[in-house]
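For the sequence shown, counting from 1, position 76 maps to 87 in this note's numbering; every step adds exactly one.
All residues carry an ideal CB built from backbone N, CA and C; glycine is no exception.
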Amino acid sequence: MADISDLERQEIERYLEWGKKRLFRELDRYYGASLPGGERASYRFRGKGRVWFNRLLPSFKETICNEWGYEAHKADPQLKDKESLVIAVGEALVPLVHRNPFPTKGQVPVYLVAAILVQMNLDELCGEEPSQ
């Protein structure tokens, strides 16, 4: 796994404390901030991040489940805690996320996308029964 900055680690920890609804609101906030003069949140961007995410969900699934091989990685003891799993999933998603910026051409925070996917439950995303 790649070394990440303390700031990135703090962001990941914060993301993992949030539910999916708040994570998608954060994605909307980044979407709005990527527009010229878009530092402030606006109702105009509500749901735009989720639309972007849902459009790419099949590609996220293909990347994580098949290309990265979630089934093989989930047994790795280093990935048992969610923070490490978000980092590893984020690393696997970097090329895809960078090739698919927001329509505003703003880059998307990859660890935010990874946190949403982890919160969605990767076992379910990849067609497995949830672990007991």
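Burial state of Glu24 is exposed, judged by a 10 Å Cβ sphere holding fewer than 16 other Cβ atoms. For Ala126, the enclosing alpha helix (DSSP H) begins and ends at 121-131. Counting only residues of its own chain and dropping the five nearest sequence neighbours on each side, Thr74 has a CB closer than 7 angstroms to the CB of Ala103, Leu104, Leu107. In this structure, Lys59 sits near Tyr42, with a CB-CB distance shorter than 8 angstroms. Restricting attention to Phe56, Glu94, Arg66, the CA atom closest to the CA of Asp17 is found in Glu94. Gly101: member of the alpha helix (DSSP H) spanning 93-110, first to last residue.
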